[in-house]
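Asks: So that you can map any letter, position 67 of the sequence shown is 68 in the working numbering, and since no number is skipped, the others follow by simple counting. Glycine included, every Cβ here is placed at the ideal spot set by N, Cα and C. Here the structure is a predicted model, which is why all the values come from computation and not from measurement.
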Amino acid sequence: MEAITTALGYLLDPVYWFVLLSVVLLAALASAIPGMNAFLVMALAFPFILFEVDEPAIGLVALATISGVSNTLDSVPAILIGQPSAATQVTFLEGHQLARRGYAAHTLGAVYAVSALGGIVGAALLTIAIPVARPFVLRFGFPEIAATGMVGIAMVIVLSRGAMVRGLVSALVGMLLGIVGTMGRLTVDPFVSMPLVPFIIGLFALPELVDLMMSRRPVAAEGATFGRSEVLRGVGYGISRWKMTVRQSAFGVFLGAIPGVGSAVVDWLAYAFGIILTKDRSEFGKGSLDGVLFAESAQNAKEAGAALPTLALGVPGAPTWALVVVAMIPYGVAPGPEMLGTHAHITILLVITLALANLIISGIGVGVTGFLARLTAVPYPIIGAVVIPIALLSTFVDTTSWRGIQIALGVGAMGLVMKRYNWPRPPMILGFILVDVIERNHFNAVSIHGYPGSLTRPITIVILLIAIAVAAVLLRSVRRMERETELASEDADTEPDRPARGWKERFLNPDVLIPLVVMAGMALMLSDHLSHPVQDRWRFTTYPFWLPVIALGLLGFELFRGLRGRPRPSTIMDLGLVSGGAEGAREAAYRMLGLFALFLLIGTTVGLRWGALAFALAGPIVLLRGYGRFLMALVAAAVVGIFIKVFLDNILFVIYPEPFIRNWFTGG
Numbered sequence: 002m003e004a005i006t007t008a009l010g011y012l013l014d015p016v017y018w019f020v021l022l023s024v025v026l027l028a029a030l031a032s033a034i035p036g037m038n039a040f041l042v043m044a045l046a047f048p049f050i051l052f053e054v055d056e057p058a059i060g061l062v063a064l065a066t067i068s069g070v071s072n073t074l075d076s077v078p079a080i081l082i083g084q085p086s087a088a089t090q091v092t093f094l095e096g097h098q099l100a101r102r103g104y105a106a107h108t109l110g111a112v113y114a115v116s117a118l119g120g121i122v123g124a125a126l127l128t129i130a131i132p133v134a135r136p137f138v139l140r141f142g143f144p145e146i147a148a149t150g151m152v153g154i155a156m157v158i159v160l161s162r163g164a165m166v167r168g169l170v171s172a173l174v175g176m177l178l179g180i181v182g183t184m185g186r187l188t189v190d191p192f193v194s195m196p197l198v199p200f201i202i203g204l205f206a207l208p209e210l211v212d213l214m215m216s217r218r219p220v221a222a223e224g225a226t227f228g229r230s231e232v233l234r235g236v237g238y239g240i241s242r243w244k245m246t247v248r249q250s251a252f253g254v255f256l257g258a259i260p261g262v263g264s265a266v267v268d269w270l271a272y273a274f275g276i277i278l279t280k281d282r283s284e285f286g287k288g289s290l291d292g293v294l295f296a297e298s299a300q301n302a303k304e305a306g307a308a309l310p311t312l313a314l315g316v317p318g319a320p321t322w323a324l325v326v327v328a329m330i331p332y333g334v335a336p337g338p339e340m341l342g343t344h345a346h347i348t349i350l351l352v353i354t355l356a357l358a359n360l361i362i363s364g365i366g367v368g369v370t371g372f373l374a375r376l377t378a379v380p381y382p383i384i385g386a387v388v389i390p391i392a393l394l395s396t397f398v399d400t401t402s403w404r405g406i407q408i409a410l411g412v413g414a415m416g417l418v419m420k421r422y423n424w425p426r427p428p429m430i431l432g433f434i435l436v437d438v439i440e441r442n443h444f445n446a447v448s449i450h451g452y453p454g455s456l457t458r459p460i461t462i463v464i465l466l467i468a469i470a471v472a473a474v475l476l477r478s479v480r481r482m483e484r485e486t487e488l489a490s491e492d493a494d495t496e497p498d499r500p501a502r503g504w505k506e507r508f509l510n511p512d513v514l515i516p517l518v519v520m521a522g523m524a525l526m527l528s529d530h531l532s533h534p535v536q537d538r539w540r541f542t543t544y545p546f547w548l549p550v551i552a553l554g555l556l557g558f559e560l561f562r563g564l565r566g567r568p569r570p571s572t573i574m575d576l577g578l579v580s581g582g583a584e585g586a587r588e589a590a591y592r593m594l595g596l597f598a599l600f601l602l603i604g605t606t607v608g609l610r611w612g613a614l615a616f617a618l619a620g621p622i623v624l625l626r627g628y629g630r631f632l633m634a635l636v637a638a639a640v641v642g643i644f645i646k647v648f649l650d651n652i653l654f655v656i657y658p659e660p661f662i663r664n665w666f667t668g669g
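(1) Are LEU351 and GLY337 touching if we call contact CB-CB under 9 angstroms?
(2) Taking the straight line between their C-alpha atoms, what separation do you get for VAL220 and ILE201?
(3) Counting only the same chain and skipping the five closest in sequence on each side, list residues whose C-beta sits under 7 angstroms from that of ILE365.
(4) State the start and end residues of the unbroken alpha helix (DSSP H) segment that holds ASN442.
(5) Within the stretch 376-424, note down every full alpha helix (DSSP H) run reaching 4 residues or more, in order along the chain.
(6) Tell me which same chain residues have a C-beta within less than 7 angstroms of the C-beta of LEU312, skipping the five on either side of it?
(7) So, with DSSP's three-state summary, where would you put MET593?
(8) Can you list, in chain order, the residues of its chain with a C-beta nearer than 7 angstroms to that of PHE143? Leave out the 5 residues immediately preceding and following it.
(9) Contact defined as beta carbons within less than 8 angstroms: I believe ILE154 pairs with LEU435. What is the distance between those atoms, to the nearest angstrom?
(10) Hey, would you say SER161 sits closer than 9 angstroms to SER116, going by beta carbons?
(11) Which same chain residues, not among the five before or five after THR495, have their C-beta less than 7 angstroms away from its C-beta?
(12) Label ARG499 either buried or exposed according to how many other C-beta atoms from any shown protein chain fall within 10 Å of its C-beta, with 16 as the threshold for buried.
(13) If we ignore side chains and look at the alpha-carbon of each, how far apart do TRP539 and ALA124 end up?
(14) If THR246 sits next to GLY119, beta carbons under 8 angstroms apart, how far is it from one beta carbon to the other, in whole angstroms?
(15) Taking the straight line between their C-alpha atoms, what separation do you get for ARG282 and ILE276?
(16) Measure from the alpha carbon of THR108 to the alpha carbon of each residue in ILE121, PHE93, ILE515, then state which is nearest.
(17) Below 8 angstroms, can you find three or more Cβ-Cβ pairs linking the stretch 38-53 to the stretch 366-379?
(18) Using the Cβ count rule (16 or more neighbours within 10 Å means buried), how would you classify TYR1?
(19) So GLY253 is in the alpha helix (DSSP H); what residue range does that whole segment cover?
(20) With C-beta atoms as the reference, is TYR113 less than 9 angstroms away from GLY235?
(21) Whose C-beta lies closer than 8 angstroms to the C-beta of VAL550 among residues of the same chain, with five residues either side of it excluded?
(22) So, under 8 angstroms CB-CB, PHE616 and ILE469 are touching, yes? Tell me the CB distance rounded to an integer number of Å.
(23) From PHE19 to THR7, what does the alpha carbon distance come to, in whole angstroms?
(24) Out of TYR452, LEU594, ARG229, THR401, which one is the CA nearest neighbour of PRO658?
(25) Can you name the start and end residues of the alpha helix (DSSP H) that GLY10 belongs to?
(26) Between the Cα of LEU578 and the Cα atoms of LEU210, LEU13, SER71, which residue gives the shortest distance?
(27) Pull up the distance between the alpha-carbon of MET415 and that of LEU476, whole angstroms please.
(28) Quick one: any contact between the stretch 81-100 and the stretch 43-54, if contact means 3 or more CB pairs under 8 angstroms?
(29) In terms of alpha-carbon separation, which member of ILE384, GLY522, PHE433, LEU553 lies closest to ASP212?
(30) CB LEU9 to CB ALA87, shorter than 9 angstroms?
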């Protein structure tokens, strides 16, 4: 009772409210910046909180609050402008399609409702679970975490709907890219491995941004509604789905309590969990509001789950909570049993604050979304001229080198090809994210328990059986939906048989060339891997050997289909090409190439900042018509310039690469 009274006493302290509102506003502003994440925000706020906030309870709770609320407004750029983060890939997949249909305000209103409720449910479950969670967390080791990743791999079946073979190949390629630089003769080399932020921006964000800029149209269709009333209707829908939100939030708490399972994994597993428990699965992947809510409700609640091992054992449940543990040392607070004893008031205050902070940030979202949703009515060359250079700069910040930009552009080109020729991208990002969770924990499990021992632990067996059951249910559902689609297309097919194709049409078409190119890449990776000796043959041959071997078999089947002239899949679980077939699309494509060439030319010869400003200034001018485009170009350049000066130069203190032209004049 004394701990509860002490915790409630902080609610009467003006310092508590000042710190709480400050960190919530900081998290809200950071959520709108591409490439910004909760860990970076906490790292920036860490010294200020540590040296300026003397009260341990307020300081620790402030840091935890940043982690607990950063996911809420992450959904705004993913839905409105097609700029996903690691934690909002499902939100982008489903929500951005809703924004294209004019439902951005309604979608975001529903997201805020379930996010607030998810945060409250997470806080409540944290209160219940802390006293009893210790034995469970201790029993969840490397084998169980690897098995949990296998449940996520089952999601590939759903994400491959309409193009099963292509989806499986996409997932295998993603897994191979995910282990580049982490095994084999390269061991663990951060200068070789594929970083997550540039990969996500390249695969998901850049293709959408380029496609929408080439269309020269706004994101939303004509007649879209953006007012406060539409946001509130979305809030009402989100509240009406409270049973689903409680279920998904509980699942998010469970996943968050497993150390090493990050936001990106929670995103897809929560989506899969929601799909399995839904009878009608036909709308998923086509712009399903429930699909968005599955992921968003779990994302906010998972922070409470991540607090469980942090507070109960001193084992950070996520990278952000590692900073909370570090802050406990100078504050003289020890994680573990003392969090329910001497420091119980901090735990109680943390629970209360997580619930309050989620309500506050959701209220902020409701207040500003009516205005922000109007961005979907702005011609996209203006939006893209701001977002693309900021996104590319964020990849540089993430890797501190040009390598991040090079990866984003290279993967972006691959993403555009996949988008154009109906190769689903979501399985690739899922494979890329999960392979690290599976391979690393699988290797550690076998090293500690041996191969039989790692597969015969009771919890591991249960999770693997769940993974098999999930795969079976999803496969059956997808097959049924594909049969229904085939029957509908056969009924509507009145076109005459196509004439026999000549050899050029048969062999020189994307359905043949793409599998051939990917097969060549798989063969090169396999031969390069086998030609170099390694110390640990088991670890360094299991995944790098079998992944390309399986991919080659599937690609051979897809190549055979292409040679036979089988029709390309028309409906896949991915966003379609908006600019395809649009008037002036080819000309716009050449102009986009020119814009990227301008960015690279000025960025490498004058300076990276100037390359970003040049892209922002030139984008509206070359893609829009009329005198108004010059004013819009100045506005876009001003926004990018403010971002660079305020955020990159004076907050992050980014050190830019030396431009070549300076070296010419200085002799460097």
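Replies: So, from the listed chains and residues:
(1) no
(2) 20 angstroms
(3) ALA29
(4) 427-456
(5) 381-400, 403-421
(6) ILE131, PRO336, MET340, THR348
(7) helix
(8) ASN442, ASN445, ALA446, ILE449
(9) 6 angstroms
(10) no
(11) Interpretation of THR495 is limited by its pLDDT of 46, a score under 50 that renders its predicted location unreliable; no figure is taken from the coordinates.
(12) Low confidence applies here, because ARG499 scores a pLDDT of 49, under 50, leaving its location unreliable; read the following figure in that light. The residue is exposed, with fewer than 16 neighbouring Cβ atoms inside 10 Å.
(13) Confidence is the limiting factor: at TRP539 the pLDDT is only 49, short of 50, which leaves the residue's position unreliable, though a coordinate-based value still follows. Approximately 43 angstroms between the Cα atoms of the pair.
(14) 6 angstroms
(15) 7 angstroms
(16) PHE93
(17) no
(18) No answer is possible for residue 1: the residues shown for the chain start at 2 and end at 669.
(19) 243-257
(20) yes
(21) LEU527
(22) About 48 angstroms; that fails the 8 angstroms criterion.
(23) 18 angstroms
(24) THR401
(25) 3-10
(26) LEU210
(27) 27 angstroms
(28) no
(29) ILE384
(30) no
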